[in-house]
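Worksheet: one structure, shown below.
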Amino acid sequence: MFGVKSPRDGGGKNASPRYSSSAFGLKDFDLMNDDSSREQESLASAEKVRTMCLLLIAIIMSSAALYWLQRVLVPLVLAVMMSYTLAPLVDFCTHRAKVPHGASITIALFFGLGILCSLLFLISHSVKDLVQDAKKYERYVVRLTNRAGETLSRKNIDMDVIEAQLQDIPLAKMVAQSTHAMLQAVLDLLSNVVLVLIFVVYLLEGRRRQKVERRVPGGVWTRIETRIKRYILLKFFVSTLNGFIAASIYYALNVELAMVFGVLHFVMNFIPHVGPIIATVLPLPVVLVSKDIHFLHVTLAILLPGMTHFTIGNVVEPKLMGGHLDLHPITVLLCLIFWGMLWGIPGMVLAAPITASLKILCESVEVMHPLALILSGNIEEALDGKAPPTVAEPSIEEGVRTVVQDTMDGLHALKEVATTGGEGVPTMKHARH
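If you want the numbering used here, it's the 1-based position in the sequence shown plus 703.
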């Protein structure tokens, strides 16, 4: 009315306050958004902390339960492994030989007991011979000690100081304690044989009830069970091969307790990275005190079993299993310590199969993929939320066929080297890239 532009038209003195108030409103809105985002981040971090605390409590409680129930769980785990190894024999007797299922289970149990009793008889016989020849081994030790003393005396090393230091070491007590612990562990396992057999019978009998469930393709638990069974069965086969070759090597070198060391190689092969080293080093004291010992025998007793472990672990197992299970060495050591603290020596032997089965379970369940990557040592990929890599797994027949073919190609190559002097050596058809 007075010729002044209204704030709606953009004129007048009241226009500026209107725009200023809207600007203040936007700032308040941004502040509210910042406060809400900070609140959401704090809630998310608090949720992560609570989840980690609950996970830590669950691990502690589970460890306590595992320790308290070891009298039952150790035979159960052994029974699961034994049932997986005897399952092919039961299937063969049932489907191929047309034997009733109950009779097939009985045949498989007697077969497993026969192998176990044979090994125990051979081991006890070897230990008995070792005890009877203790005086002879004592003379060998004295002879080796005198040789070492003469060598050190020639180099002007005071033997009296070394003898005084050696006398301060409670060697006899240490040997007695370690021997008692090992014998106690073996006796505990033998005392649980009846319980293991009962578990095996029920596990093999329960396979019939799962036939309908296994016919459904794509089941998560079916895939997990198939992979775990495959790993245990192939690991048992490879460990048996390793133990047989090691026992043959020690027997050919006239090493006492060759069968005992073969069983030791069989057991230690279940422990990746660490087991082969232990199995190769432990026989050395017996090798040194064996009769007619030479430096060549000692060298071969170290090199040949070590080469066997290396070849089987890096050539045979990848061919059979379609690649390594990819457990990080630190993971293996931590699992050895963890299961050894819970279950003693049986826990250390079962640590790698249990961890491998856990990794297979984590790879098969999407929510547990980060844990599978952590077990493989890929912590950065686990934090990034990546999925574990999938490895193609050939059938057992294909793996065995590949190993046999590579062995034949290697023998043919050696023959060509011997006949042609290294010229025109054929390449292996299935060489590992």
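Cβ coordinates follow ideal geometry from the N, Cα and C atoms, glycine included. The structure presented is a predicted model; accordingly, all values stated were derived computationally and were not measured.
Start and end residues, alpha helix (DSSP H) containing residue i
i     : result
M685  : Missing from the structure shown is residue 685; the chain here goes from 704 to 1136 and no further.
M785  : 773-794
L985  : Premise fails: L985 is in no alpha helix (DSSP H) and is neither H nor E.
F1013 : 998-1014
V970  : 961-971
H1072 : 1072-1078
Supposed close pair residue i, residue j - CB separation, criterion 8 Å
i     : j     : result
T1011 : A949  : 6 Å
S786  : V903  : 5 Å
T983  : P1008 : 5 Å
L936  : T797  : With 8 Å as the limit, L936 and T797 do not qualify as a contact, their Cβ atoms being about 17 Å apart.
V777  : P1056 : Rounded, the Cβ-Cβ distance is 13 Å, inconsistent with contact.
E1020 : V941  : 6 Å
Other residues of its chain near residue i: CB distance less than 6 Å, five sequence neighbours each side excluded
i     : result
Q773  : W1046
G1080 : H1031
F727  : The predicted position of F727 is uncertain, since its pLDDT is 48 and thus under 50; a value taken from the coordinates is nonetheless stated next. Excluding positions up to five away in sequence, the list is empty.
Alpha carbon of residue i to alpha carbon of residue j, nearest angstrom
i     : j     : result
V899  : L781  : 7 Å
F1013 : P979  : 9 Å
V783  : A811  : 14 Å
L1159 : K938  : Any question about residue 1159 goes unanswered here, given that the chain covers just 704 to 1136.
L1061 : V897  : 27 Å
K831  : L944  : 26 Å
S821  : V1018 : 30 Å
D794  : M755  : 45 Å
A766  : Y934  : Note that residue 766 is Ser in the sequence shown, not Ala. In a straight line, the C-alpha of S766 is about 25 Å away from that of Y934.
I763  : A1054 : 18 Å
V989  : T854  : 22 Å
V752  : I1040 : 27 Å
C1038 : M1051 : 8 Å
G1016 : S740  : 52 Å
Q743  : H976  : 45 Å
K839  : Y953  : 19 Å
L985  : G965  : 12 Å
Buried or exposed (CB count within 10 angstroms, at least 16 for buried), residue i
i     : result
F969  : buried
G909  : exposed
S745  : exposed
W771  : exposed
R799  : exposed
V919  : Annotation note: pLDDT 43 at V919 (below 50); position unreliable, coordinate value reported separately. Label assigned to V919: exposed.
A1059 : buried
G817  : exposed
P791  : exposed
L823  : exposed
K1022 : buried
Other residues of its chain near residue i: CB distance less than 7 Å, five sequence neighbours each side excluded
i    : result
A747 : none
V775 : none
I927 : I1063, L1064, S1067
A971 : For the record, residue 971 in the displayed sequence is Met; it is not Ala. Result list for M971: G978, P979, I981, A982, in chain order.
Own chain, CB closer than 8 Å to residue i, minus 5 neighbours either side, in chain order
i    : result
V915 : Because the pLDDT at V915 is just 43, under 50, the model does not fix this residue reliably, and the value given afterwards should be weighed accordingly. Cβ within range, chain order: n/a, list empty.
Any non-hydrogen atom of the ligand SAH closer than 6 Å to residue i Cβ
i    : result
I763 : Although the ligand SAH was asked about, the structure shown includes no ligands whatsoever.
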